[in-house]
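Visitor: Mind having a look at this structure? Questions to follow.
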Amino acid sequence: MTPSRLGLLADLILPGDAAGLPRGSLIPEVMLALAGSASPIKGLLGERFDFAEKDLRLIEQSHPAEFRELVMSLIKPYYESGKVLEAMGWRSAPPQPLGHRIAAMDEALAAELARIAERKRIWR
Amino acid sequence: MTKKRLDPVDVVIIGAGCGGAAFAWQIKRDARHLKVLCLERGGWPDHEHMPANGMRWQRAILEDWASNPNLRLKAGQYHGSHDHPIDEDNSVFKPLMWSGVGGSTVAWAAHFPRLHPSDFRTRTLDGVGDDWPFGYFDLEPWYDLNDEIMGVAGLNGDPAYPPKSKRAMPPLPFGAVANRAARAFSDLGWHWWPVDAAINSTAHDGRAACNHCGPCLIGCIPKAKASVDLTYWPKATALGVELRTSAIARNIEIEAGRATGVTYADEHGKEYFQPAQAVIVAGNGIGTARLLLASGVESPALGRNLMFHPAAYVRGLFKEPLDGPVGPVGCSIYSHEFYETDLSRGFERGVHLQLSRENALLVQASRLSPLWGYQPQAQLREEFLHTMPILVLAEDLPEAHNRVSLTREAQRDGLPGVKLDYTMSERARKSLDFGLARAEEVLRAAGAYRTIRVSPAPLTGWHLLGTARMGTDPETSVTDARGRCHKVPNILVADGSLFPTVGAANPASTIGAVALKLAARLAEDMT
Ligand SMILES: Cc1cc2nc3c(=O)[nH]c(=O)nc-3n(C[C@H](O)[C@H](O)[C@H](O)COP(=O)(O)OP(=O)(O)OC[C@H]3O[C@@H](n4cnc5c(N)ncnc54)[C@H](O)[C@@H]3O)c2cc1C
Ligand code: SF4
Chain B
64 MTPSRLGLLA
74 DLILPGDAAG
84 LPRGSLIPEV
94 MLALAGSASP
104 IKGLLGERFD
114 FAEKDLRLIE
124 QSHPAEFREL
134 VMSLIKPYYE
144 SGKVLEAMGW
154 RSAPPQPLGH
164 RIAAMDEALA
174 AELARIAERK
184 RIWR
Chain H
1124 MTKKRLDPVD
1134 VVIIGAGCGG
1144 AAFAWQIKRD
1154 ARHLKVLCLE
1164 RGGWPDHEHM
1174 PANGMRWQRA
1184 ILEDWASNPN
1194 LRLKAGQYHG
1204 SHDHPIDEDN
1214 SVFKPLMWSG
1224 VGGSTVAWAA
1234 HFPRLHPSDF
1244 RTRTLDGVGD
1254 DWPFGYFDLE
1264 PWYDLNDEIM
1274 GVAGLNGDPA
1284 YPPKSKRAMP
1294 PLPFGAVANR
1304 AARAFSDLGW
1314 HWWPVDAAIN
1324 STAHDGRAAC
1334 NHCGPCLIGC
1344 IPKAKASVDL
1354 TYWPKATALG
1364 VELRTSAIAR
1374 NIEIEAGRAT
1384 GVTYADEHGK
1394 EYFQPAQAVI
1404 VAGNGIGTAR
1414 LLLASGVESP
1424 ALGRNLMFHP
1434 AAYVRGLFKE
1444 PLDGPVGPVG
1454 CSIYSHEFYE
1464 TDLSRGFERG
1474 VHLQLSRENA
1484 LLVQASRLSP
1494 LWGYQPQAQL
1504 REEFLHTMPI
1514 LVLAEDLPEA
1524 HNRVSLTREA
1534 QRDGLPGVKL
1544 DYTMSERARK
1554 SLDFGLARAE
1564 EVLRAAGAYR
1574 TIRVSPAPLT
1584 GWHLLGTARM
1594 GTDPETSVTD
1604 ARGRCHKVPN
1614 ILVADGSLFP
1624 TVGAANPAST
1634 IGAVALKLAA
1644 RLAEDMT
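From first to last, the protein sequence lines are chains B and H. Going by the numbering used here, the first residue of the first sequence is number 64, and it counts up by one from there. Going by the numbering used here, the first residue of the second sequence is number 1124, and it counts up by one from there.
In structure tokens, the structure reads:
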């Protein structure tokens, strides 16, 4: 497949949104995964001059397992990308070593706990 | 193949997980003169190189650090868990476990509840299941000791339990989701309480405090989460227990109704015969049944009565932002308002409700249907950082047709293949539906504008229990109250397989406590 058609495929699978979520073709790791993929779906699309979402749906119906595998192989680098994580309101740094700040128990809940503790036992 | 005969030991333990580790420490502590050896099929977990500090951490949850061994095998990489395939097609719930030093506690969520006293007496109290051969208060000192070694963050005073020993650390912080959920439980007048967590809320026992990074199931780099490779094993080896890794027990040799030792293979497949006076099997509900069946231990109950805790979720969607995938995934607040039997609900026994946390972005994206195009991305926009999941665990009861059995296929580890057959009972389904309806009430009270049920949730086979159950009748149980196999009394079981019934709460605290109790008794017998 030509680079432009690989880009089209990436964008149909991961179209992004107007609020800043990038299209699939803008994520280099997605394009690398797609270029390196030996998925038979690429072969099926390669025979066509052009394709659109409805064509992909038909191929998905006729080759569900292979299609799913290709989609998963793109979704993974896409949602791992710092750009995408940040566009979704998350941070790009991994969980460690920074960890996360998390709110303490609301002070008002201490009174609730005291009230619950005064309940008669609820075990048998 | 000729196998090398090794110097005899007094006690050989198979499996360095939750039950095996506690057993090893306790027996050596009580009977220093005994030679105690543990054989573990996997290696030591490498906490420095766990995935949470790299950009591939989300993918690890789906692939090489997935909780399900078949998914890990599919990902094709060996990262510490020495897996074998499991035929799980005929099981609603897929088995989740970890095979290496620490066992499934390497991958667990470290929610550490005890069973209720009633859980040990379901036959007497509710006419279902079977009574345990001992009760909560017999186990209480061992619960206390296990809590001490594991290190528990929590809050005393919970009316859902008899008073417990002082919790070593204050509860973990709540985050936005737990603050909101707690208020909702209170508004409904329902019980809630901070969970007992085997996670450091402050530095404790030489391990750091949790920094709320989120993905506990792919291992804890700061070692804040207690796993038995960090808690029991250093103490057990310091006492002189020997732990042999990459040692797959293939057969327990039995002569004239007594075990003489264990045949195991090293990482090159070379076999050894390890003679021992007593063989302790702690391979979890699947591994224990597999080895005992493969070794020809006879019992009509062996492999049967597999119990998981049927599980389902309700996810609530909120307009306001919540805090998403931060904080220990399984450890915030829980409710036992509906834990005890109330027959007006239409079923015996009860449900455990537990606030969970949002999945990582990639994990959420990979579970959408359809998986690609505008719709799933729009859905993720709506849901990510705006959901609150509540987990419902129902009590499973023993049913002989739910089972672990051997297949005819030999596996690469030299043991027969293993298969699960598990269907959920009508009673369990009713309990789950009841629990889901209560979870929906909480979520609405918390302000959710929509709720989504995931029921049953297949990737929740965390608890593998009951397949070598304790009891008094050899027709319906595999071991006696001391964990000794009825037919071969110097083979003991010391893990979750022993549970005659399972309550509706997570099992590891009870597995550890039972293992300590049985080890103390065997130490007495061998002294
Ligand atoms: C993802 C996940 C989350 C969980 N969360 C919680 C939680 O929050 N709270 C809770 O209470 N429980 C939780 N659990 C369950 C808990 O971890 C298990 O119930 C507990 O660890 C089981 O203890 P065990 O001793 O029966 O088996 P394990 O801890 O699984 O140990 C069994 C060991 O035996 C070894 N073994 C098996 N066969 C052989 C053989 N033939 N030769 C040598 N070695 C062998 C295995 O490699 C393994 O290391 C969770 C589990 C998972 C997987
Ligand atoms: S959330 Fe806490 S306990 Fe869980 S992995 Fe992160 S640091 Fe460890």
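Using N, Cα and C, we set each Cβ at its ideal position, and we do this for glycine too.
Could you tell me the alpha carbon to alpha carbon distance between H:V1601 and H:T1245, rounded to whole angstroms?
Guide: Using only the alpha carbons, I get a separation of about 19 angstroms.
Visitor: Along the chain, where does the beta strand (DSSP E) that runs through H:V1515 open and close?
Guide: Taken as a continuous stretch (DSSP letters only), the beta strand (DSSP E) holding H:V1515 covers T1510 to A1517.
Visitor: Contact defined as beta carbons within less than 8 angstroms: I believe H:R1438 pairs with H:T1510. What is the distance between those atoms, to the nearest angstrom?
Guide: Confirmed, Cβ separation roughly 5 angstroms.
Visitor: Pick helix, strand or coil for H:K1127, following the three-state DSSP scheme.
Guide: Three-state result, H:K1127: strand.
Visitor: What residue does the beta strand (DSSP E) around H:I1614 start on, and which one ends it?
Guide: Note, H:I1614: beta strand (DSSP E), I1614 to V1616.
Visitor: Quick one: what's got a C-beta closer than 6 angstroms to B:P140's C-beta in the same chain, skipping five residues either side?
Guide: Here the set comprises E92, V93 and A96.
Visitor: Using beta carbons (cut-off 8 angstroms, strictly below), is H:E1463 in contact with chain B?
Guide: With 8 angstroms as the cut-off, H:E1463 counts as an interface residue toward chain B.
Visitor: Drop a sphere of 10 angstroms on the beta-carbon of H:K1289, count the other beta-carbons inside from all chains shown, and report buried for 16 or more, exposed for fewer.
Guide: Exposed, since its Cβ has fewer than 16 Cβ neighbours within 10 Å.
Visitor: Buried or exposed, going by whether 16 or more other CB atoms sit within 10 Å of the CB of H:N1213?
Guide: By the 10 Å Cβ count, H:N1213 comes out exposed.
Visitor: For H:I1344, does the three-state DSSP call read helix, strand or coil?
Guide: Correct three-state label for H:I1344: coil.
Visitor: Spell out a yes or no on whether the segment 1300 to 1316 of chain H and the segment 1408 to 1427 of chain H are touching, meaning 3 or more CB-CB pairs, one atom from each, closer than 8 angstroms.
Guide: No, they do not touch.
Visitor: Any heavy atom of ligand 2 inside 7 angstroms of the beta-carbon of H:N1334?
Guide: True, at least one ligand heavy atom lies under 7 angstroms from that Cβ.
Visitor: Please decide whether H:A1679 counts as near chain B, where near means a Cβ-Cβ distance under 8 angstroms.
Guide: The question about residue 1679 of chain H has no answer here: the residues shown for chain H are numbered 1124 through 1650.
Visitor: Using a threshold of 7 angstroms, is the CB atom of H:P1451 nearer than that to any non-hydrogen atom of ligand 3?
Guide: Looking for ligand 3 in the displayed structure turns up nothing; the ligands present are ligand 1 and ligand 2.
Visitor: Let me know the secondary structure DSSP gives H:G1225 once reduced to three states.
Guide: In the structure shown, H:G1225 sits in coil (DSSP, three-state: anything other than H, G, I, E or B).
Visitor: Contact criterion: CB-CB distance below 8 angstroms. Does B:E175 meet it with respect to chain H?
Guide: Yes, B:E175 counts as interfacial toward chain H.
Visitor: With a cut-off of 8 angstroms on the beta carbons, I'd call H:A1301 and H:I1456 a contact; round off their distance for me.
Guide: The pair is a contact, with the Cβ atoms about 5 angstroms apart (cut-off 8 angstroms).
Visitor: Does any residue of chain H have a CB that is nearer than 8 angstroms to the CB of B:E170?
Guide: With 8 angstroms as the cut-off, B:E170 does not count as an interface residue toward chain H.
Visitor: Does the segment 1310 to 1324 of chain H come close enough to the segment 1278 to 1298 of chain H to have 3 or more Cβ pairs within less than 8 angstroms?
Guide: Flag = yes, the segment 1310 to 1324 of chain H and the segment 1278 to 1298 of chain H touch.
Visitor: Residues in its own chain within less than 6 angstroms of B:G79 by CB, not counting five upstream and five downstream?
Guide: Here the set comprises P85 and R86.
Visitor: Whose CA, out of H:E1271, H:L1238, H:A1276 and H:I1272, lies closest to the CA of H:D1261?
Guide: The candidate whose alpha carbon is nearest that of H:D1261 is H:L1238.
Visitor: Let me see if you follow: with CB-CB separation under 8 angstroms, is H:S1479 close to chain B or not?
Guide: No, no contact with chain B.
Visitor: Please compile the residues from chain H whose C-beta is within a distance smaller than 8 angstroms of the C-beta of B:I185.
Guide: What B:I185 touches in chain H: P1282, A1283, H1314, H1459, E1460, Y1462 and E1463.
Visitor: If you run the structure through DSSP and keep just helix, strand and coil, what is H:H1170?
Guide: H:H1170 falls in the helix class under three-state DSSP.
Visitor: If you draw a straight line from the alpha carbon of H:L1311 to that of H:A1560, how long is it in whole angstroms?
Guide: One C-alpha to the other measures close to 13 angstroms.
Visitor: Expressed to the nearest angstrom, what Euclidean distance is found between the alpha-carbon atoms of H:T1599 and H:V1251?
Guide: Rounded to whole angstroms, H:T1599 to H:V1251 spans 14 angstroms at the Cα level.
Visitor: To the nearest angstrom, how far is the alpha carbon of H:L1415 from that of H:L1538?
Guide: When rounded, the distance between both Cα atoms is 11 angstroms.
Visitor: For B:R182, decide whether its Cβ has a neighbour in chain H, counting only Cβ atoms nearer than 8 angstroms.
Guide: Yes, B:R182 counts as interfacial toward chain H.
Visitor: Within the same chain, show all residues whose beta-carbon is closer than 7 angstroms to that of H:L1196, passing over the 5 residues directly before and after it, in chain order.
Guide: Within the same chain, H:L1196 has close Cβ partners D1206 and P1208.
Visitor: Can you say whether H:K1542 is buried or exposed, counting buried as having 16 or more other CB atoms within 10 angstroms of its CB?
Guide: The residue in question, H:K1542, is buried, as its Cβ has 16 or more Cβ neighbours within 10 Å.
Visitor: Could you compute how far the alpha carbon of H:I1377 sits from the alpha carbon of H:V1616?
Guide: Going from the Cα of H:I1377 to the Cα of H:V1616 covers about 15 angstroms.
Visitor: With a threshold of 7 angstroms, establish whether the CB of H:G1203 neighbours any heavy atom of ligand 2.
Guide: H:G1203 Cβ: outside cutoff for every heavy atom of ligand 2.
Visitor: Between H:S1528 and the rest of its own chain, which residues show a CB-CB distance below 6 angstroms, the 5 nearest in sequence each way excluded?
Guide: Within the same chain, H:S1528 has close Cβ partners G1426 and K1542.
Visitor: Which residue from H:G1594, H:C1333, H:S1241 and H:M1593 puts its Cα closest to that of H:V1275?
Guide: The option with the nearest alpha carbon to H:V1275 is H:C1333.
Visitor: Check whether the Cβ of B:E129 lies closer than 8 angstroms to any Cβ atom in chain H.
Guide: Taking Cβ atoms only, chain H never reaches closer than 8 angstroms to B:E129, which makes this a no.
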